[in-house]
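Residue numbers (the working numbering): 1 to 223.
Here's the structure we're looking at; comments come further down.
Next up, the structure:
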């Protein structure tokens, strides 16, 4: 079997007289549906350029200043006053001093923020889409939808429902909240139509993980 079997289209290398056998040998013998590469592709990872640039610049400034001071001392000049004072403070202040505790807490908080930035994907505004058939799960073809675009599309589909005067859509990674104002028709009927229309729209988006849909309808306030 070739190493690129996952990227072959059915029937490319098999005799044309046995298309059914080719489909069943693709790892899905029970169904004739086209297999998908991943049911839940991984989220997009942010490059974290801004935090990386900030940390690099601060580190470069601190190391450069310290190196300049060390070279000055080696050249016979007195060290900078801030470094002598910092060394004296670190040598004389007890560990239970308030400023020592505050400084340690700030340093720990900054370190935790950097760790979180390093281990979390980021780019929460992008919702991963299902990979098209034939990619073999290699990740070479990936697509995502911006949450604002999803909200606009669902809002446009919601206001097309008969009886809906206006709609507000909030999209998160796991849940979509729709709040619609109804100026005529029964609320239950409008809610049922909204569930059907928005459910169909969400299916057509091709999201890898379909968020939960919550629809709320109400009458506009009088006065």
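Note that CB positions come from ideal geometry on N, CA and C, so glycine has one too.
What you are looking at is a predicted structure, and each value in this text was computed from that prediction instead of being measured.
For the beta strand (DSSP E) that contains residue i, what are its first and last residues?
i: residue 161; result: Premise fails: residue 161 is in no beta strand (DSSP E) and is neither H nor E.
Measuring straight from C-alpha to C-alpha, what distance separates residue i and residue j?
i: residue 194; j: residue 183; result: 14 Å
i: residue 84; j: residue 76; result: 15 Å
i: residue 26; j: residue 190; result: The predicted model places residue 26 with a pLDDT of 38, which falls under 50 and marks its position as unreliable, so this point remains unresolved.
i: residue 200; j: residue 46; result: 31 Å
i: residue 131; j: residue 202; result: 16 Å
i: residue 104; j: residue 98; result: 10 Å
i: residue 29; j: residue 44; result: Because residue 29 sits at a pLDDT of 38, beneath the cut-off of 50, its placement in the model cannot be relied upon, and the point is left open.
i: residue 173; j: residue 165; result: 27 Å
i: residue 66; j: residue 122; result: 34 Å
i: residue 207; j: residue 143; result: 9 Å
i: residue 147; j: residue 129; result: 12 Å
i: residue 209; j: residue 181; result: 28 Å
i: residue 60; j: residue 70; result: 15 Å
i: residue 214; j: residue 179; result: 9 Å
i: residue 154; j: residue 204; result: 11 Å
i: residue 56; j: residue 152; result: 38 Å
i: residue 211; j: residue 197; result: 15 Å
i: residue 177; j: residue 113; result: 30 Å
i: residue 95; j: residue 87; result: 14 Å
i: residue 145; j: residue 161; result: 24 Å
i: residue 156; j: residue 124; result: 23 Å
i: residue 192; j: residue 163; result: 12 Å
Quick one: give me the first and last residue of the alpha helix (DSSP H) that residue i is part of.
i: residue 191; result: 187 to 205
i: residue 83; result: 81 to 92
i: residue 103; result: 98 to 119
i: residue 95; result: Note, residue 95: premise wrong, no alpha helix (DSSP H); not H, not E.
i: residue 59; result: 49 to 74
Run through the DSSP bridge pairs and tell me what residue i is partnered with.
i: residue 180; result: 167 and 217
i: residue 145; result: 127
i: residue 175; result: 212
For chain C, find out if any of its Cβ atoms is closer than 9 Å to the Cβ of residue i; answer yes or no.
i: residue 192; result: Reference to chain C is not applicable here, since this structure consists of a single protein chain.
To the nearest whole angstrom, what separates the beta carbons of residue i and residue j, a pair I think is in contact under 8 Å?
i: residue 93; j: residue 100; result: 6 Å
i: residue 167; j: residue 158; result: 4 Å
i: residue 79; j: residue 73; result: 5 Å
Cβ-heavy atom distance between residue i and the ligand GDP below 8 Å?
i: residue 148; result: Of ligands this structure carries none, so the ligand GDP is not represented either.
Examine the Cβ distances between the segment 43 to 62 and the segment 114 to 122 and report whether three or more of them are shorter than 8 Å. yes
Is the segment 211 to 219 touching the segment 173 to 187, taking contact as three or more C-beta pairs under 8 Å? yes
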